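Enquirer: Residue numbers (full-length UniProt numbering): 1 to 58.
Note that CB positions come from ideal geometry on N, CA and C, so glycine has one too.
Note that the coordinates shown come from a computational prediction; the quantities given were computed from them, not determined experimentally.
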Amino acid sequence: MRSVAEVSALLRMPLGVVRVVIADMAAEGLVQVHQPQLDAGKPDVTLLERVLSGLRRL
């Protein structure tokens, strides 16, 4: 599975365009769209720590 943002980056297409294309494909049953799994609306601390670590390495 990939996020819409990842697909946008991989295809080098604007995020808005990719969102529309994916929505159209989902309506036709060509792709499945999954909602992010949030733990009671709280952010994933592990993910945030990994992002912060990556930013610090830049």
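Quick one: what's got a C-beta closer than 7 Å to residue 54's C-beta in the same chain, skipping five residues either side?
Expert: As a working note, residue 54 is residue 54 in the sequence shown. Hits under 7 Å: none found.
Enquirer: Could you give the residue range of the alpha helix (DSSP H) that holds residue 13?
Expert: What you label residue 13 is simply residue 13 of the sequence shown in a count that begins at 1. Here residue 13 belongs to no alpha helix (DSSP H), and DSSP marks it neither H nor E.
Enquirer: Whole angstroms are fine: how far does the CA of residue 37 sit from the CA of residue 22?
Expert: For the purposes of this step, residue 22 is identified with residue 22 of the sequence shown, where counting begins at 1. For the purposes of this step, residue 37 is identified with residue 37 of the sequence shown, where counting begins at 1. Whole-angstrom Cα-Cα distance: 19 Å.
Enquirer: On the DSSP letters alone, give me the boundaries of the alpha helix (DSSP H) that residue 54 sits inside.
Expert: Your numbering for residue 54 matches position 54 in the sequence shown. Run containing residue 54: 45-57, per the alpha helix (DSSP H) assignment.
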